[in-house]
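Visitor: Heads up: the sequence shown is residues 26 to 135, going by our numbering.
Quick reminder that beta carbons are idealized off the backbone N, C-alpha and C, glycines included.
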Amino acid sequence: MFQLVKERIVKKWPITIAVPMDGGKVQTCDITLDFKLVNSDEFRQMSQQGDSKLFSEVVLGWSGIHDEDGEPLPFTPDNLTAACQNQHFTAGALQGYMKAMSGVASTKNS
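1. With distances taken Cα to Cα, identify the nearest neighbour of S88 among T41, M26, L29.
2. Would you mind giving the Cβ-Cβ distance between I34 and L105, rounded to the nearest angstrom? I have them listed as a contact below 8 angstroms.
3. Which of the three DSSP states is assigned to G128 in this structure?
4. Alpha carbon to alpha carbon, what distance is there between I90 and G128?
5. Taking 9 angstroms as the cut-off, decide whether the C-beta atoms of L58 and K31 are in contact.
6. In chain order, which alpha helix (DSSP H) runs of at least 4 residues are fully inside the region 40-93?
7. Indicate whether Q112 and S77 have their beta-carbon atoms separated by less than 9 angstroms.
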């Protein structure tokens, strides 16, 4: 049964971050994000204000993100702001959010 709800929370949505490497190679890193899915009008309004604004509203948590020393990076507003300054994070997160919003099942790379 489809239920028309104002917002929906999805937890542990798989995201793949593509990081360019030397020689034209790409390293893929798998993380998960917890999202609040908003309606189309809210999404359009927030996305026009930039990545930091959008993700501060719709990303509620994460796992699989580490600091430069390889230690797990806790989800905090400051860490999310820092992640939003990284184009590889924002590209992967936006692609994953759009899949979640459109109901496209995310598949994990094997």
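Guide: Short version:
1. Your numbering for residue 88 matches position 63 in the sequence shown. Ranking T41, M26, L29 by Cα distance to S88 puts T41 first.
2. In the sequence shown, counting from the first residue as 1, residue 34 sits at position 9. In the sequence shown, counting from the first residue as 1, residue 105 sits at position 80. About 16 angstroms; that fails the 8 angstroms criterion.
3. In the sequence shown, residue 128 corresponds to position 103, counting from 1. Here G128 sits in coil by DSSP.
4. The residue given as residue 128 occupies position 103 in the sequence shown. The residue given as residue 90 occupies position 65 in the sequence shown. Going by the C-alpha atoms only, they are around 24 angstroms apart.
5. To locate residue 58, count along the sequence shown from 1; it is residue 33. To locate residue 31, count along the sequence shown from 1; it is residue 6. Not in contact: L58 and K31 (Cβ atoms no closer than 9 angstroms).
6. 65-72, 76-83
7. Against the sequence shown, residue 112 aligns to sequence position 87. Against the sequence shown, residue 77 aligns to sequence position 52. Against a cut-off of 9 angstroms, the Cβ pair of S77 and Q112 comes out as no contact.
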